[in-house]
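Student: Sharing a structure below in structure tokens format, with a few things to ask.
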Amino acid sequence: MGGASPCASCKLLRRRCAKDCIFAPYFPSDDPHKFAIVHKVFGASNVSKMLQVLLSFPFPFPRENCLTLFFTFRKNNGI
Ligand SMILES: [Zn+2]
């Protein structure tokens, strides 16, 4: 145990992936392409900012709609 591969975001950002990593549910290691797109478009700091928003929702945000949310966020914030 403990040898789990880091999620896609931690891998790309070369960070240590914590057990409660906020990125992990949205950017699993088996789907690195998704985070690569988001990272390229928004940059790492904006991605964490958006994930904070995501996590403040009182219900689990569907992963499938994650990218949609990111792009809506970008539009609304003029990023
Ligand atoms: Zn992670």
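Following the UniProt record's numbering, the numbering of the sequence shown begins with 1 at its first residue and continues without gaps.
For each residue, glycine too, the CB sits at the ideal point set by N, CA and C.
Treat the numbers as computed from the prediction; the structure is a model and nothing was measured.
1. Kindly indicate which three-state DSSP category P6 falls into: helix, strand or coil?
2. Assuming F35 contacts A8 (C-beta within less than 8 Å), just tell me the rounded distance between them.
3. Taking a contact to mean a Cβ-Cβ separation below 8 Å, would you say V53 touches F71 in this structure?
4. For chain D, find out if any of its Cβ atoms is closer than 8 Å to the Cβ of L54; answer yes or no.
5. Consider the C-beta atom of F23 and the heavy atoms of ligand 1; say whether any pair is separated by less than 7 Å.
Tutor: Let me lay it out:
1. Looking up residue 6 in the sequence shown gives position 6. If DSSP states are grouped into helix, strand and coil, P6 belongs with coil.
2. The sequence position of residue 35 within the sequence shown is 35, counting from 1. The sequence position of residue 8 within the sequence shown is 8, counting from 1. At roughly 4 Å, the Cβ-Cβ gap stays under 8 Å, so F35 and A8 are in contact.
3. For the purposes of this step, residue 53 is taken as residue 53 along the sequence shown, with counting starting at 1. For the purposes of this step, residue 71 is taken as residue 71 along the sequence shown, with counting starting at 1. No.
4. Included in the structure is just one protein chain, with no chain D present.
5. Mapped onto the sequence shown, residue 23 falls at position 23. It does: the Cβ of F23 is within 7 Å (strictly closer) of some heavy atom of ligand 1.
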